[in-house]
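Okay, structure first, notes after.
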Amino acid sequence: MSSSSSDSPMKIVILGATGPLGSACALHLAAAGHPVACVARSRERLEALQARCGGPLTLLAGDLSDPGQRGRLHDRIDDFLRPGGPAVFLFALGAHGDSTPGGDEAAARALVETNLTLPMLEALRWAPRLSPGSQLVFFADATAAAPGPGYHAYAAAKAGIAALTKTLAQSLAPGIRVNAVAPGIMNLKPTARPDAMERWSARVPLAAIGEPAFIATAVEFLIRHPYLTGVVLPVDGGYSLHRH
Ligand SMILES: NC(=O)c1ccc[n+]([C@@H]2O[C@H](COP(=O)([O-])OP(=O)(O)OC[C@H]3O[C@@H](n4cnc5c(N)ncnc54)[C@H](OP(=O)(O)O)[C@@H]3O)[C@@H](O)[C@H]2O)c1
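For the sequence shown, my numbering gives the first residue as 18, with consecutive numbering after it.
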């Protein structure tokens, strides 16, 4: 077993750092004293995240779906990780949207690419380069194990993330721990209807939608706990206990 209980600072790379959950993790882990590198396409949103953070973040703007930009991002992540030592990768990349039978094939492909293919390729690329004691943390979805109708490409991708967490946890043990959080409903879009909070809260056993900070503390728990690997941890107020 690797002794990767990280009470001491570890370098953290967050792929998809500017969404509500990625940015909550960046702020929380930076405040805990970890050096954090934040990857996303929009430099403007990365700079807005830096403005909310008490300490310096390493901001890496680029599109992981573009081969040239991906190579440049890899070089800059390599620079951040030098001279080595255990590191943590968070795969908070995401895109949300419906995909209907007979609908737009390109849109369905894009959902699978962002939610599954890119996190998987990045994990497969970085795992052999990481020191023992390093960790991977994926972002699944509370409904991955029992999705309802609709959102086919998204649901397929998130089920793939849960499977990837379990396969990688076995192939990378004992040196590297691999876990995932499975968030429930953590935030509403600014465009949500005025009654959205009430309607969604009614579908959660704990009678409230979550807060992005709940995901940050769950991620910290997975990072710090030395005896967890292959766990897909629901953080959802009980939302996944019944079918949707
Ligand atoms: N929020 C929730 O309630 C919830 C619930 C269940 C599961 N989740 C999952 O949790 C994870 C984080 O959620 P979130 O709400 O924070 O996600 P989000 O708002 O969709 O943010 C996605 C992040 O990925 C970046 N990104 C997307 N495509 C990229 C690309 N090609 N190259 C580089 N960066 C890219 C985005 O920045 P740019 O657009 O600037 O690139 C952003 O930083 C996602 O996997 C999501 O599916 C979220």
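Every residue, glycine too, gets a C-beta built ideally from N, C-alpha and C.
Keep in mind it's a predicted model, so treat the numbers as computed, not measured.
Cβ-Cβ distance between residue i and residue j below 8 Å
{"i": "residue 137", "j": "residue 181", "result": "yes"}
{"i": "residue 221", "j": "residue 254", "result": "yes"}
{"i": "residue 199", "j": "residue 236", "result": "no"}
{"i": "residue 155", "j": "residue 32", "result": "no"}
{"i": "residue 240", "j": "residue 203", "result": "no"}
{"i": "residue 140", "j": "residue 185", "result": "yes"}
{"i": "residue 74", "j": "residue 48", "result": "no"}
{"i": "residue 13", "j": "residue 213", "result": "There is no way to answer for residue 13, as the model of the chain reaches only from 18 to 261."}
{"i": "residue 135", "j": "residue 81", "result": "yes"}
{"i": "residue 13", "j": "residue 104", "result": "No answer is possible for residue 13: it lies beyond the span of the chain, which begins at 18 and ends at 261."}
{"i": "residue 124", "j": "residue 116", "result": "yes"}
{"i": "residue 56", "j": "residue 36", "result": "no"}
{"i": "residue 179", "j": "residue 160", "result": "no"}
{"i": "residue 247", "j": "residue 187", "result": "yes"}
{"i": "residue 132", "j": "residue 162", "result": "no"}
Residue closest to residue i, alpha-carbon to alpha-carbon, out of the options
{"i": "residue 38", "options": "229, 86, 206", "result": "229"}
{"i": "residue 99", "options": "224, 28, 183, 225", "result": "28"}
{"i": "residue 262", "options": "176, 215, 205, 217", "result": "Outside the displayed range of the chain (18 to 261) lies residue 262, so it cannot be described from this structure."}
{"i": "residue 119", "options": "223, 169, 215, 174", "result": "169"}
{"i": "residue 190", "options": "207, 41, 245", "result": "245"}
{"i": "residue 34", "options": "102, 61, 110", "result": "110"}
{"i": "residue 106", "options": "251, 142, 58, 172", "result": "142"}
{"i": "residue 46", "options": "61, 188, 25", "result": "25"}
{"i": "residue 201", "options": "132, 121, 252", "result": "252"}
{"i": "residue 193", "options": "231, 60, 243, 84", "result": "243"}
Counted within 10 angstroms of its Cβ, other Cβ atoms place residue i as buried (16 or more) or exposed
{"i": "residue 113", "result": "exposed"}
{"i": "residue 152", "result": "buried"}
{"i": "residue 158", "result": "buried"}
{"i": "residue 259", "result": "exposed"}
{"i": "residue 209", "result": "exposed"}
{"i": "residue 256", "result": "buried"}
{"i": "residue 65", "result": "exposed"}
{"i": "residue 88", "result": "exposed"}
{"i": "residue 164", "result": "buried"}
{"i": "residue 40", "result": "buried"}
{"i": "residue 71", "result": "exposed"}
{"i": "residue 219", "result": "exposed"}
{"i": "residue 329", "result": "Residue 329 lies beyond the stretch modelled for the chain, which goes from 18 to 261, so this question has no answer here."}
{"i": "residue 150", "result": "buried"}
Check your understanding: Contact between the stretch 90–104 and the stretch 133–148: three or more CB pairs below 8 Å?
Key -> The stretch 90–104 vs the stretch 133–148: in contact.
**Study point:** 4 or more residues per run - each alpha helix (DSSP H) lying fully within the stretch 145–198
**Key:** Restricting attention to alpha helix (DSSP H) runs no shorter than 4 residues, the stretch 145–198 encloses them at 169–189, ordered along the chain.
Practice item. With a floor of 4 residues, list each alpha helix (DSSP H) that falls wholly inside the stretch 86–149, ordered by position along the chain. Key: 122–129, 135–143
**Study point:** Contiguous alpha helix (DSSP H) assignments of at least 4 residues, all confined to the stretch 202–251
**Key:** 213–218, 229–241
Review point. Does the stretch 121–135 come within contact of the stretch 45–63, defined as at least 3 CB pairs closer than 8 Å?
Key: no
Check your understanding: At what residue ranges does the stretch 41–79 contain a whole run of the alpha helix (DSSP H), taking only runs of 4 or more?
Key -> The stretch 41–79 contains these whole alpha helix (DSSP H) runs: 60–69.
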